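Undergrad: In the working numbering, the protein residues as written are 1 to 97.
Think of the CB as a built atom: it goes at the ideal place given N, C-alpha and C, for glycine as much as any other residue.
If you're wondering where the values come from, they're calculated on a predicted model, not measured in any experiment.
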C-alpha cells in the first residue's frame, strides 16, 4: 500500500487506474479530432459513451478501494460519522447520473 493525499490506495490499483486514465486521455483526444473533422454525429456519440463508461469504471475501482480501506479505518476508529457522510455523498453523486 502507498499513502496518498486522499487515502490508502493499493499500488496495483494505482497502476491500473493510471493506465486506464491514459487510455481515456487518448479517447478524449480522438474525440476532439472527430469533432474537428466533422465526423458523423453517431460516431461521436458512440465515442462519448465509451469515454463515460471508462470513467465510470475508474470511479467504481476507486470507490471499492475507498470502502475497503479508508471507510473501514474510519469505522474502526472514531470517525464513523465522517465515513457515513462520505458514503452518502458518493451515493448522491451516483444518483445524479
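When the Cα atoms are used, what is the spatial distance from residue 74 to residue 39?
TA: As a first step, residue 74 is located in the chain shown; it is residue number 74 there, counting from the start. As a first step, residue 39 is located in the chain shown; it is residue number 39 there, counting from the start. Cα-Cα distance, rounded: 49 Å.
Undergrad: Would you tell me roughly how many angstroms separate the C-alpha atoms of residue 2 and residue 77, rounded to the nearest one?
TA: Residue numbering aside, residue 2 sits at position 2 when the chain shown is read from its first letter. Residue numbering aside, residue 77 sits at position 77 when the chain shown is read from its first letter. With a pLDDT of only 41 at residue 2, under the threshold of 50, the placement of this residue in the model should not be trusted; the figure read from the coordinates follows. Going from the Cα of residue 2 to the Cα of residue 77 covers about 20 Å.
Undergrad: Which residues in the same chain as residue 63 place their Cβ atom closer than 8 Å to its Cβ, once the five residues preceding and following it in sequence are excluded?
TA: For the purposes of this step, residue 63 is taken as the residue at position 63 of the chain shown. Hits under 8 Å: 90.
Undergrad: Which two residues bound the contiguous alpha helix (DSSP H) that contains residue 76?
TA: One-based indexing of the chain shown puts residue 76 at position 76. 72-76 is the extent of the alpha helix (DSSP H) around residue 76.
Undergrad: Suppose contacts are defined by Cβ-Cβ distances below 8 Å. Is residue 32 in contact with residue 54 by that definition?
TA: Taking the chain shown and counting its residues from 1, one reaches residue 32 at position 32. Taking the chain shown and counting its residues from 1, one reaches residue 54 at position 54. No, the Cβ-Cβ distance between residue 32 and residue 54 is not below 8 Å.
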